[in-house]
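Chains as they are written, first to last, in UniProt numbering: chain U, 1 to 1045; chain C, 1 to 485.
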Amino acid sequence: MKNCYEKVITKKYNPKACFRKKSFLALLLMASSINLMAQSEPQQAKEEKTAATATRKKIQINGTITDENNNPLIRVTVGELGTKNGTVTNEKGHFHLIVQDNAVVLITYLGMESQKLRMDGKTTFNIVMKESSTSIKEVVVTGIPFNRKAESFTGSYTKITAQELQSAGTQNIFQSLKNLEPSLNFIDNNATGSDPNKMPELQIRGASSFPDVNNEYATKPNQPLFIVDGFEMAIEKVADLPLPRIESVTILKDASAKALYGARAANGVIVIETVKPKGGALRISYNGTLGIEAPDFSSYNLTNSSEKLALERQLGAYNQKQPIEGLRFDSLYYANLKAVQNGVNTDWLAQPTQTGITNRHTINIEGGDEHWTTGFSLFSNGTQGAMKGSERNNLGGTLSIGYRQSKILFRNQLSLTKSNSTNSPYGDFSFYAQLNPYWRPYNDDGSVRKVLGLSPLYGQTVYNPMFNATLNGRSTSAYTDLTNNTQLEYAFTDHFKVVGRVGFTNTVNGSDEFIPGSNLKFIAFVGDNLYNRGSYDKTNGKSSSVNGDLNANYSNRWGRHLIFVNAAANIREDNSESYSYSATGFPNDKMDNIIFAKQYASSALKPTGSEATTRELGALGMINYSFDERYVADFSLRTSTSSQYGADNRWGMFWSAGAGWNVHKEKFFGDNQYINLLKLRGSMGNTGSQNFNAYQAMLLYNYFVDQSYQGMVGTYLNNLNNPGLKWQQRMDYNVGLDVDFMKRLSLRLDVYKGVTNNLLTDITTPPSLGFATYKANLGQLVNNGFEFRVNYKMFVNTANRQVLNVFVSGASNNNKITKISNSLQSLTNLQDTKSRTSNKPLVRFQEGQSLNSIWAVRSNGIDPATGKEIYVKLDGTLTDVWDPADKVVVGDNLPKMMGTAGANFAYKGLTIGVIGRYRVGGQTYNQTLVDKVENASLNNNVDARAYYDSWKQAGDNVLFRSIGTTQTTTLASSRFVQDLSELSISSVNLGYDFYSYSFVKKLKLSALRMGLNLNDVYQISTVKVERGTSYPFARNCSLTLNASF
Amino acid sequence: MRNKILASLLTLITLISTTSCEKWMDVAPATKIKSEVLLQNEQGYKDALIGCYTLMKGQSMYGRELTFGFMDAAILQYDLGNVTSYKDLSLKPLTYTSTGIRTIVDNAWKNMYNVIANVNNILDHIDADKAKFTGDNYQIIKGEALAIRAFIHLDLLRLFGSTDLTQTAIPYVTTLGTNVTPRSKGEQVMELILKDLNDAADNLKVDPIKIGLKRNSDIFLDNRHQHLNYYAVKAIMARAYLWKNDKENALINAKEVIDIANKTFPWILPANITASLERDRDYTFSTENLFALNVFDLKTIGNTWLYTATTTSQLQKSGAAAGTSGYTQMFETASIGANDLRLLYVTKKVGTSTYIVNKFYQPDNLRPDYAAMMPLLRRSEMNYIAAECNIGIDNQAAINYLNEVRGNRGIVVPLSSSLTDDQIRTEILKEYRKEFQGEGQLFAYCKRTKQTIIPGTPSGGYIGTPITEVQMILPLPDSEVEFGR
């Protein structure tokens, strides 16, 4: 523990590290003091108890533990319940232990069902442990305090254990989920790459809302709901959760599963449970990861300096007709040629990038007695991105206290998280991909060159973007979050329980961006404007949320009838506000505080900001009935009201109904030994969305701030409201099948349909209503698809921990617009107009088509004679004129199928895991071919295909038009639509558990494990496209150490 | 313990089921104010009404475009060749298709209906809240709100509608909501305008201006001539009836204003415009204003477009261009107009022979009574309406009404008593041009009286062919045509 502490603080001696050091120290002090307190009290209690029971006899017990095949089990934990007393079995499966004569001994082993032994005078035991059949006995963690048995659950969900999560990656939860769950569609952001400060965009079972074209949404429109320990959490904080803190992740997908969150669950729910402290002796565990982030340029195919210069000359960049100009360009050519001949071939991609070092540490301290449990956990995450200077540093701690006495269970968890992120001072990565390789980045003395040279086409001065990184610029953001969750449970009887929970979270965030006056951005600021060089943008914000709920649960069994009833009420309030201001005029680069500014920026003459408060009330009733464990039925009803909706339709009603049939329990199946599980289930129901702006349904007035009338300040209407605005709802239908064959082969299959109704969109009004738009419920989207997962345990031998497990999973989703509003229609018209000047295919909304359709004009390729493109008009005739009216659907961005496949192998302490991700079917618009080949500017570096495959003279039968010396715009054409199939080895994991080594014990360790993870190792794709344009993608490799004391 | 939990459970259930939770659900935004909160008291209604005037004074409405900007440019009262924003209007007179011009027209429509929406929200709630008002404020606020609604609808009708009132014209919107009001025929619009104006006049019977009080110690009731007061309403009625070609009623309403005008809206004293110091000059003849908008930033606006404007934005007119198109010809300097106060003081010569309107000039320390005013209704218009209504009935009376204005403007030569009907009409047109320069009234006058050439343009006009009414009907925004009814 001490080691790691030193590791953290000795990393760097910069101010940030200092801060980290301080807060880490403070947290540690806090931790130890709290822990002392927590420890001291039970200690006392225990002493009293030992005094009281001192008269009791101690006895020695011994025994042998085997599995069902009579193989001895090694290192099975045998512990006396309620004490620290315990041992493990030896290589022959034997154990000895001295216990109280009335003790209860608990026997636990990973993958086996736990057993309790009562002494009853016996001292020798032969114990056979049964393999726990996780698929049957599993519980479903839905985020409400009462977990459901999977067997009686009719919903569709995926549960991911901590182990699976950690073996699929070490970076963050999203990186791991991406490798595990195909129904989570992570929208590839080709621009932001592996930027550690960018949040991923993900969808569960397709898009249930239209894209956010008018900033209608408070978060990403299709973002699922994240529930951590029962309370909603923002995506950024979820991404910052350290992986070792996570106990399990459950993805709730259909109506029956997400019904609890009815009003907010339309986009699906991801329920995360963090590790809860366990009682018993004081236990310290440490998890440390050291890794690297290496930029991946394999998708780039840029010309080298001699190819580039040759291409420039060939296309006539240096051919100037006027004699004097011609001389100038001739000398430019020879200067460049000299550079090429001198061997200048700068790898510009490598200049702003680095191999980033990441280090993550988590320490967990826990312990307690039969009443109290205390846990304290500290973590620090330091990630250096693949761009130089890009970092994300998190530091946090969690303190958990639990108390249990007969009918009462109390739990409180307090967490503090601090996150600092810094963006690379090198700016946009794409600047570097454009620079010509015959330019040198450094002077002979090693300093950064400010001017690189002249552009080959127009002879303009080209500056070195690296110069900006030598200046005192800054782009940072930070947040501090404090969350406290309290839970109090009272069991009236064995059948009736009430749980109340209160959660509070407060986040303070801010960002600073300082661009000093010498930055190249301001090079054109001369004369009077000179004093406006330099800019500073600052944002401060805070948000808080208070949540409370009260849950009552009744469950009982009468003969073959089992009933589970749950009633709940919840209340919640969210507040957020932010202010931002921009200032300009920082004459000296050293003056890097906003107070040195000359004035407010001309674009924002005053502070701006936003504020939002939303409130919600809800009530839920759900009932689950099962007959003879064969027939199961689920029904739930939730009603919610939110301040976001119109006064007339504020209450939303959400329901779900599901049914299941455990076929394997039927008599006609008899004592079938092959089929352990065969379950059919189906559900339907609706859920709502709430990630909209807070005040969209209100009629609001603004005060004039810079206008008056006769010295009086008036008010004016802000918007046209729609008091009839109601909840956007998604209706989900799901049919599923679960099979487990001989405890070896398991299969899960789900087929679903999701219909989003009452889609909240803008309605364009005639301006005679006084306003241009208002919000209304119009529009419908349908998502169809299926998901499967097959798991095959090829062999299991628990005795020597030998397991080989292979799995394959897949998901397919297609999406269709069935109804749109007039504003989307006008938007489509606007997009069509815009597409006349855009070299990207623009999104269009048309009923009957998918949101992910690629719209472009069909192309017959490049006429070898003229070099012009031949288009196919709607009626099939050919033309060389591009017309937006000829656009048709030429592809779909959604894959036909995507998923993961992998294998895990374990032998004794060694584990090996490989996971691959695949996508098949679907198309993509190859933007690289447009930007870097056909529309490439000769001033910049280009894709090598521009050199080899573009039209140069009559008779060239090639793929691309001549790039020429003047830049052209290639309008959306089917020529660039390519079928996309991909296979990537996304995770390789190698682990070793030192359980069988004696040094572990000598070091007083109870467990020691090491792991090596490689992420995004290799990718094969049918399409060659530059990945990571503004920020490169990175490969990740990390070494993890796990130790428990 | 059990009891405590049960009690708290009950409390929560009660909380949810009672109406107090409805209140709790009503979130109050921090940076904006909810309509029902604003309109909880009289001050809120006052703020909302003041807001309407503030919107009207915006530059895309009466602060510029609907007065000295687009309106006068469209009827070519300036030489626009160099003026970037309006030059399309002189390249293709009376067409509104260029992007820039179309934007101006669309914005005018949008903003006018936006003011109407604001006024409607007041009118939708004021009756229910009658008890919340003190003194006569309920009637004053309601009267003014109705008057604003009618005034703007009348301007919309004059600009976007045909003079043939049987044609479909504009929607007359009387409530705030998401239901689209269909476009009505001109006569229905006119009926609603007159109904609102009558209601407004009824409510404004308590207007202090009726006993001649413009000033008041209560800031809200101060400067009645800068609110739509009782007489302003009467003036709008006169204007509306004349548009309807109901001369009888137009005359009645005009005369009601004329009768009290010498007392409440007296003619400008020549000394107040001829004062030696610019800051003491009453450029808008403010005592005569029945209604003028308070444009607090008129100095900036005036400087941008007129007084210190660059050549690409200065709205100027050349003095003595060839033919009859010059500024001096307009003022008839060769015959009767050399001493016209409107030429000498309300017009400014810039450069050798170009003139600009001086009405909005705001010299430093301009007397507060004279400053920051954009006249929209003036007593002189009542004389012109009365004169027009008397043509063919009592020509002498008509001539007298015109002579009264001319006399007060420094034209010492009275009009001959023997003028024919048409000659009187010609004199009225001349007066509209001289009197309302920079006020945007000429366009509607030409449209109503079906002028065949644009006044001030060479005979035959710039267009070459006689202008038709169609050219003077501004196009509705595309979104109104597409989504309206």
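The beta-carbon is built from N, C-alpha and C at its ideal position, and this holds for glycine as well.
Going by other Cβ atoms of all chains shown within 10 Å of its Cβ, with 16 needed for buried, is T412(C) buried or exposed?
-> What sits at residue 412(C) in the sequence shown is Val, not Thr. Its Cβ having fewer than 16 others within 10 Å, V412(C) is exposed.
Between which two residues does the beta strand (DSSP E) carrying N400(C) extend?
-> Element bounds for N400(C): not the beta strand (DSSP E) but the alpha helix (DSSP H), 395–408.
On the three-state DSSP scale, how would you describe H495(U)?
-> Reduced to three states, the DSSP call for H495(U) is coil.
Nearest to N468(U) by CA position, among K521(U), S511(U), Y752(U), D528(U), is which residue?
-> Each of K521(U), S511(U), Y752(U), D528(U) was checked against the Cα of N468(U), and the nearest Cα belongs to K521(U).
For F95(U): DSSP bridge partner residues | DSSP lists G63(U) as the bridge partner or partners of F95(U).
Spatial neighbours of F845(U) within its chain, please: CB distance less than 8 Å, with the 5 preceding and 5 following residues excluded, ordered by chain position.
-> Only F210, I817, I820, L824, Q825, L827, T828, L851 meet the Cβ criterion.
Between R205(U), E577(U), L457(U), which lies nearest to G326(U) when the distance is taken from Cα to Cα?
-> Among R205(U), E577(U), L457(U), the Cα nearest to that of G326(U) belongs to L457(U).
Apart from the five residues on each side of it in sequence, which residues of its chain come closer than 7 Å, Cβ to Cβ, to F627(U)?
-> Apart from the 5 residues on each side of it in sequence, F627(U) sits with its Cβ closer than 7 Å to the Cβ of R560, H561 in its chain, given in chain order.
Continuous beta strand (DSSP E) assignments of at least 3 residues falling wholly in the region 856–910 of chain U = Correct list: 859–862, 869–872, 887–892, 897–907.
Taking any Cβ of chain U, which residues in the region 466–482 of chain C have a Cβ under 7 Å from it, in chain order?
-> Against chain U - using a Cβ distance shorter than 7 Å - the residues of the region 466–482 of chain C are P477, S479, E480.
Can you find a C-beta in chain U that's less than 8 Å from the C-beta of N114(C)?
-> Yes, because at least one Cβ of chain U sits closer than 8 Å to the Cβ of N114(C).
Mapping DSSP to helix, strand and coil, what is K679(U)?
-> Note: K679(U) maps to strand in three-state DSSP.
Sequence-distant residues of the same chain with beta carbon closer than 7 Å to A597(U), five excluded per side = For A597(U), where only same-chain residues beyond five positions count, the Cβ hits under 7 Å are Y536, A583, T584, G585, F586.
If we cut at 8 Å on Cβ distances, does Q226(C) have a partner in chain U?
-> Taking 8 Å as the CB threshold, Q226(C) lines the interface with chain U.
Neighbourhood of D127(C) by C-beta, 7 Å cutoff - its chain only, sequence neighbours within 5 removed | Around D127(C): no qualifying Cβ.
Burial state of Q166(U), where buried means 16 or more other Cβ atoms lie within 10 Å = Counting of Cβ neighbours within 10 angstroms places Q166(U) among the buried residues, the total reaching 16 or more.
Which partner residues does I408(U) have in the DSSP bridge list?
-> In the DSSP assignment, the residues bridged to I408(U) are Q405(U), Y490(U).
Neighbour flag for A491(U) against chain C, beta carbons, 8 Å = Chain C, which has no Cβ nearer than 8 Å to the Cβ of A491(U), makes this no.
Are Y370(C) and Y307(C) close, meaning C-beta to C-beta below 8 Å?
-> It is not a contact, given that the beta carbons lie outside the stated cut-off.
Measure the C-alpha to C-alpha separation of N172(U) and L243(U) and round it to an integer number of angstroms.
-> Taking the straight line joining both Cα atoms gives about 6 Å.
In angstroms, rounded to a whole number, what distance separates the CA positions of S636(U) and R148(U)?
-> Rounded to the nearest angstrom, the two C-alpha atoms are 14 Å apart.
Simplified DSSP state of E370(U), which is helix, strand or coil = Three-state DSSP puts E370(U) in coil, outside helix and strand.
Proximity of V83(C) and S313(C) at Cβ, strictly below 8 Å = For V83(C) and S313(C), yes; Cβs fall inside 8 Å.
Note down the Cα distance separating F999(U) from A799(U), rounded to an integer number of angstroms.
-> Here the C-alpha atom of F999(U) lies approximately 22 Å from the C-alpha atom of A799(U).
Tell me whether G262(U) sits in a helix, a strand or coil according to DSSP, three-state version.
-> In the three-state reduction of the DSSP assignment, G262(U) falls in the helix class.
Beta-carbon neighbours of I484(C), restricted to chain U and to distances below 7 Å | For the sequence presented, residue 484(C) should be read as Gly rather than Ile. Near G484(C) (Cβ distances below 7 Å), the residues of chain U are P766, S768.
Three-state class that DSSP yields for N797(U) in the structure shown | Note: N797(U) maps to strand in three-state DSSP.
Chain C contacts made by the region 679–701 of chain U, where a contact means CB separation under 9 Å = Here the close residues are A694, Y695, M698, L699, L700, Y701.
Own chain residues within Cβ distance below 8 Å of D421(C), not counting five before or after = Spatial neighbours of D421(C) in its own chain (CB-CB distance under 8 Å, excluding positions within 5 residues in sequence) are listed in chain order as I391, G392, N395.
Which partner residues does D369(C) have in the DSSP bridge list?
-> Checking the DSSP bridge columns, you'll see D369(C) has no partner listed.
Given that E611(U) touches chain C, what residues does it touch there, using C-beta distances under 7 Å?
-> P29, A30, T31, listed in chain order.
Under 8 Å by Cβ, that's how I've got G916(U) and S986(U) pegged, so tell me the actual separation to the nearest angstrom.
-> Yes, they are in contact, since the Cβ atoms of G916(U) and S986(U) sit about 6 Å apart, within 8 Å.
May I ask you to list the residues that DSSP assigns as paired with M731(U)?
-> Paired residues: N686(U), V755(U).
Cβ-Cβ distance between V228(U) and E247(U) below 8 Å | Contact flag unset, no.
Got a sec, what are the start and stop residues for the alpha helix (DSSP H) P323(U) sits in?
-> Unbroken alpha helix (DSSP H) run through P323(U): 323–341.
In angstroms with no decimal places, state the Cα-to-Cα distance between L290(U) and K679(U).
-> C-alpha separation (whole angstroms): 44 Å.
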